[in-house]
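Each remark here refers to the structure printed beneath this line.
Number of protein chains: 2
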Amino acid sequence: MEEAKWTKMWLDYHRIYDGDMDFKVALDGFAEDTAVIANAIFEFRKGIEELTGVKVIDVRKDRVIGNLKTLSIKKTDSVPPEGYRVAGSDDGITVEASDERGVLYGIFSIIRQIACGKRAEEVAEEASPSNPLRMMNHWDNMDGSIERGYSGESFFFEKDEIIINDRTRDYARFMASIGINGVVINNVNVKGAASYLITDRYFDRLESLSEIFGDYGIRLFLSLNFASPIEIGGMDTCDPLDREVIKWWEDKIKEIYDRLPLLGGFLVKADSEGRPGPFTYGRTQADGANMLGDVIKPYGGIIIWRCFVYNCTQDWRDTKIDRARAGYDYFKEQDGTYHDNVILQIKNGPMDFQIREPVSPLLGGLKRTNQMLEVQIAQEYTGHQIDLCYLIPLFKEVLDFHTFCSPEKDTVADVVSGRTMGNALGGMAAVINTGNDINWTGNDLAAANLYGFGRLSFDTELSSEKIAREWIAMTYRLPDKEADILCSMLLRSREIYEKYTSPLGIGWMVTPNTHYGPSVDGYEYSRWGTYHRADHLGIGVDRTDKGTGYAQQYYEQNAEMYNDPATCPQELLLFFHHIPYTFELKTGKTLIQHIYDSHFEGEEEARKLAVDWDSLKDLIPEEAFERVKERFDLQLDNAREWRDQVNSYFFRKSGIADKKGRTIY
Amino acid sequence: MEEAKWTKMWLDYHRIYDGDMDFKVALDGFAEDTAVIANAIFEFRKGIEELTGVKVIDVRKDRVIGNLKTLSIKKTDSVPPEGYRVAGSDDGITVEASDERGVLYGIFSIIRQIACGKRAEEVAEEASPSNPLRMMNHWDNMDGSIERGYSGESFFFEKDEIIINDRTRDYARFMASIGINGVVINNVNVKGAASYLITDRYFDRLESLSEIFGDYGIRLFLSLNFASPIEIGGMDTCDPLDREVIKWWEDKIKEIYDRLPLLGGFLVKADSEGRPGPFTYGRTQADGANMLGDVIKPYGGIIIWRCFVYNCTQDWRDTKIDRARAGYDYFKEQDGTYHDNVILQIKNGPMDFQIREPVSPLLGGLKRTNQMLEVQIAQEYTGHQIDLCYLIPLFKEVLDFHTFCSPEKDTVADVVSGRTMGNALGGMAAVINTGNDINWTGNDLAAANLYGFGRLSFDTELSSEKIAREWIAMTYRLPDKEADILCSMLLRSREIYEKYTSPLGIGWMVTPNTHYGPSVDGYEYSRWGTYHRADHLGIGVDRTDKGTGYAQQYYEQNAEMYNDPATCPQELLLFFHHIPYTFELKTGKTLIQHIYDSHFEGEEEARKLAVDWDSLKDLIPEEAFERVKERFDLQLDNAREWRDQVNSYFFRKSGIADKKGRTIY
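Chains A and B, in that order, give the protein sequences.
Quick note on numbering: the first sequence equals residues 1 to 665 in my numbering.
Quick note on numbering: the second sequence equals residues 666 to 1330 in my numbering.
If you want it as structure tokens, here you go:
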């Protein structure tokens, strides 16, 4: 019964075919007794045995019967760091890599290929990560709660203590299997006990955790309280240019690294939503980040500094201030002054993980600064892991976006990978969607986002469909027709969610605080800077050169495109422009008719998703099927509320009837 | 320093004049050694000594110097129950009463008259209560929290235990001083530990509490969990017609009264907002109430049954269902079937304590049923005891309302007093506004509502101004000019609050859950049945015979008046009618212009309130002055938000500009 406490997600192997020959392992250039290699071999053994029924023989101990194939693990300089080259043959499988992580990833590649239908001898892949850093950010609090968590409580923390159990290792296995190499375990809003994570109180357990992680190629990171000198140091300032403060940090960082030599570094949210930061002392964000960067440098650590800084006490009456501008306004000026081991972590859009936003102009707007793209797979604004919303297409759009920051290699993928500027640091981070629910992600199908983010951060060239198909094959092993159905469900889901929620990039319209379900005016008169500005004639925020000027934060090509309603991509029209309801879209529809149509369609298409799921009933394990089915029931309620509230709101405001005469209240 | 823990509100006596002669006490027909009489004498001694400096001499023990006046306490049948006749003369003061409560109230009358400026020899009043029952309802939870409490935590409960301390007795003194004779100490939503108040776990403390109350003429009541047979009895039903359930209640009530002989009875909220009730078993509200009434009858107890029953999972799309109708629909049919010791407790309006509502049609709509009027002095929807809102004018309007239920004596005051139908039971109850804040009521000025409700329930003929002037005189003892200012502030405050919040009786438009501050659409698409139905052309709920038919629940004269926009009182226009923004009101203004004007005026007048308060600076005790000043600062923020959000909302929706060209966003 121990096994039933949590699912194995995509690592729950079932027999794919019957292998004919057992394996032995041969190492060339790697030591067998390092933990990472041992784990790699463990994963190969577990995978190949469960998938094909053959054994991995220890030729020194086990009795050999018949011929053996060889898993040959070879060190080579011809493969980039963390990369691998795997090739199957009748003699076995070769894994070539230049480092241990490469071996681990190569093994998981083999398992993945077999799980997806290849025979061992057909296995073949050469790959190396698109991004140096591929990270998960947990927003777990030490009391066990998770900020914006929709999958139960934390599996890292409970009652201000750190949990280490079998689940911890399974977690590390999941992360390694999709190429994640860094994990921040605690919430960026560091409060209470979490401020003491960098004290002796927690070093023993953190050390164990960092080792379990390290053995799977993952570096442990912590979120840091910028006010630590005050809160745990008893000082009266945390001014980053204060000598005493710097000294305090030097001593503290030495103390930390003495005990946690594997620590990757720190993630910092400063001067944001009530968190302390350098602004308090009239310092720049660079002053704060660089000070910490310098202090941590001798230990090989890095500082990841979030760019989520904006005025969260805005007066809704003030149409001049634009929250969308804030990140660029605050961080662009210091471009080039951030030190080498400092990375700015930038949300994909300028607002906050809405279903549709333009790409943040900071991405590529910064030309001489390490950058990391932050996305959110925790579905804060995208359905709380109740509503199906496969987010990889959204992430792909971001990665493929041309910033025009460089004559070549100017996509966001290029920028954050370091390719554009030749940076050694950069990559992608996701606010993770896990918790201690039996299935880890609340909605079983939300695991596709967890899997997909890891795979995409490792290889940004992968398509959304390829990733979806991999995840489906590894998770459910459906017949082709049903796999197609599920794949189509995933690929349609983001657009469906967008259709029945906020239209054309305007965002928000969610229930305040919870961010689930509609409340069209919920944030319209609030202090959060998130307005739609709808009146009886039109809706949208003028962010052109005649409005807040946000569009001008982009390089010229994009600035011009966004500035003109005629060239602005329709799906972002209301993000950049205040548009009359009677405005004719490129489709020939008026804006108001588009709002009505898309909401009716979105709700209908959500119902179709649920019908599609029902068609898989006998092919999905019963418990998983029922869990997801319950979520679809809730999603349909939600879609209906969104449809009717949004349509009613705009009908009541505009007075313009639906041309098709459908029911609006 | 013990004294500084809480204020004495209107019982904080200061020297008014120097009396010339000490008093002795003479009793005629009352025994000196009963607790109520002893407390009455204690109150006289304390009051007369602190107000005039003379002493009350015990002629058997103290040395008598010079002549004495006499406080003569006489029993007489010529005064109604709980009434008193007090008369001062050069020889002293006489108090005549037919019972001990009458003596107590007579003494407090003497003190009040002296505190308000009369000399002892001038004291003269004959009074008896308008209402048999004059009750306070605490919504205190046993964990110490207070539902809709804005004055700190409970002073009755903490960590699931009952608190008894000096504050308990002061509380009883306050209540007796304003004529309150019944108190329900726990929240009508009975959950958790509160379900166990009727078990041995709490009897000892409840007994002590009932005695402290009883010694000040107050009967203790408890809120009851209708599902007690299930929750504490371990049964599988609480069907009121089930023999086993009835037997369980018989045993339980006997057990309770064996230990708490002074208990007045129970308040029950059934079948409302998730509470269990008779509907669960297909029984009527009368079935539930009568069963409990019968069981408690042998002990002289009464059952107070709340009429706050409605569908709180309404679909906002459904314009046929009208929450306002629910109370009448559920309770009218069984009129005449409720037993003699059962009282229906009816909120003043059909919705829920909004700043303006019509009077509930159940009041007087029921012709053969004991009725109690429920009002809320806890300012849930009227400013959270931050905003100044003197509610006595609102209560007066309710009491003065002609229901037309009888050719004579048809006002609500007549109905609930029992005068209309000759009922022995009935009266008024207030959801109280107290907590353990130092000043008891959060805003010091909110004590005027506490004081005022008690006085009004004792004498419904008192004017709002008379009550305000009494309270001011007893609390602050200001010079005439400043007393006039403060009195004017109180009397203006309700209309001001109405002006800057929701217009013309439509109600709500509050922030969901908290109910403080504006959110025009906050409940518009919710399940709570509280809608304004605003579109680009107009606003309001059609409750006429062409709409939900609610207006037809009144007797003909009122039904006709409400049914026609021409005769409907303007302040309730939007409660009964859906009205175009361009509709011309009796004032000659359009509806939309009225909305704009009243909101600009309301905010301005709120600012004037704050200025008026500042003018009292040196005449109000400093701490109290500052506490209230802080509240005014918050009120002005609130008024500004209301003004701008409501005006912006309707401007954006209607597209009609303010004729005066003021700033609307």
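Just so it is clear, CB atoms sit at the ideal spot from N, CA and C, and this is done for glycine as well.
Per DSSP, the beta bridge partners of B:PRO1183 are B:VAL1175.
Assignment of beta-bridge partners to B:GLU761 by DSSP yields B:LYS739, B:ARG750. Contact check for A:VAL183 against A:PHE221 passes: the beta carbons are separated by less than 8 Å.
Rounded to whole angstroms, the gap between the alpha carbons of B:PHE1265 and B:LEU1056 is 22 Å.
The Cβ atoms of B:ARG799 and B:GLY844 lie closer than 8 Å to each other. Rounded to the nearest angstrom, the Cβ distance from B:SER810 to B:VAL855 is 14 Å, too far for a contact under 8 Å. In this structure, B:PHE695 is the residue among B:PHE695, B:ILE706, B:PRO745 with its C-alpha nearest to the C-alpha of B:LYS739.
Among the CB atoms of chain B, one or more fall inside 8 Å of the CB of A:GLN645. Residue burial annotation: B:ILE730 is exposed, with fewer than 16 other C-beta atoms found within 10 angstroms of its C-beta. In the structure shown, B:HIS803 adopts coil according to DSSP, grouped into three states. B:LYS1164 has its alpha-carbon roughly 14 Å from the corresponding atom of B:LYS1273. Non-local beta-carbon contacts of A:GLN334 in its own chain, meaning distances under 6 Å to residues more than five positions away in sequence, involve THR284, ALA286 in chain order.
Taking the CA atoms as reference points, A:THR168 sits about 24 Å from A:GLU374.
The beta carbon of A:LEU537 sits closer than 8 Å to some beta carbon of chain B. Boundaries of the alpha helix (DSSP H) around B:ILE877: 865–879. In chain order, ARG652 make up the part of chain A whose C-beta sits under 8 Å from the C-beta of B:ALA1199.
A Cβ-Cβ distance of about 5 Å is found for the pair A:VAL309 and A:SER272, placing them in contact under the 8 Å criterion. Within chain B, no residue has its CB atom less than 9 Å from the CB of A:VAL309, the nearest being about 26 Å off. With respect to the C-alpha of A:ASN638, the residue from A:GLY549, A:TYR338, A:PRO569, A:ILE496 having the closest C-alpha is A:ILE496.
As the crow flies, the alpha-carbon of B:GLU1306 is around 39 Å from that of A:ALA429.
Around the beta carbon of B:ALA837, 16 or more other beta carbons sit within 10 angstroms, so the residue counts as buried.
With respect to B:ARG1021, B:GLY1205 sits apart: the two C-beta atoms are not nearer than 8 Å. Annotation for A:SER154: no alpha helix (DSSP H) segment contains it, and DSSP assigns it neither H nor E. Contact annotation: B:ILE722 and B:LEU733 have beta-carbon atoms nearer than 8 Å. Within the same chain, and ignoring the five residues on either side of B:GLN1217 in sequence, the residues whose Cβ sits closer than 7 Å to its Cβ are ASP1210, ALA1224.
Unbroken alpha helix (DSSP H) stretches of 4 residues or longer found wholly inside the segment 1093–1140 of chain B: 1112–1123, 1129–1140, given in chain order. Between B:GLY1001 and B:ARG1033, the CB-CB gap stays under 8 Å. Rounded to whole angstroms, the Cβ separation of B:ALA792 and B:ASP1124 is 6 Å, and the two are in contact under 8 Å. Neighbours of A:ARG607 across chain B, judged by C-beta separation under 9 Å, do not exist; the nearest C-beta is about 18 Å away. Annotation for B:GLN1300: GLY1048, ILE1051, ASP1052, LEU1053, ALA1271, LEU1274, ALA1275 place their beta carbon closer than 8 Å to its own, counting only its chain and skipping 5 residues before and after.
Proximity to B:TYR678 across B:ARG1142, B:GLY1267, B:ARG1159 peaks at B:ARG1142, based on C-alpha coordinates. The alpha-carbon of B:ASP1323 is positioned some 6 Å away from that of B:GLN1258. In the DSSP assignment, B:MET1154 falls within the alpha helix (DSSP H) that extends over 1145–1165. Two segments are said to touch when three or more pairs of C-beta atoms, one from each, lie closer than 8 Å; by this definition the segment 44–53 of chain A touches the segment 16–28 of chain A. Interface annotation, B:GLY1205: not in contact with chain A, CB-CB separation never under 8 Å. Scanning the segment 975–1020 of chain B from its first residue to its last, the whole beta strand (DSSP E) runs of 3-plus residues come out as 1007–1012.
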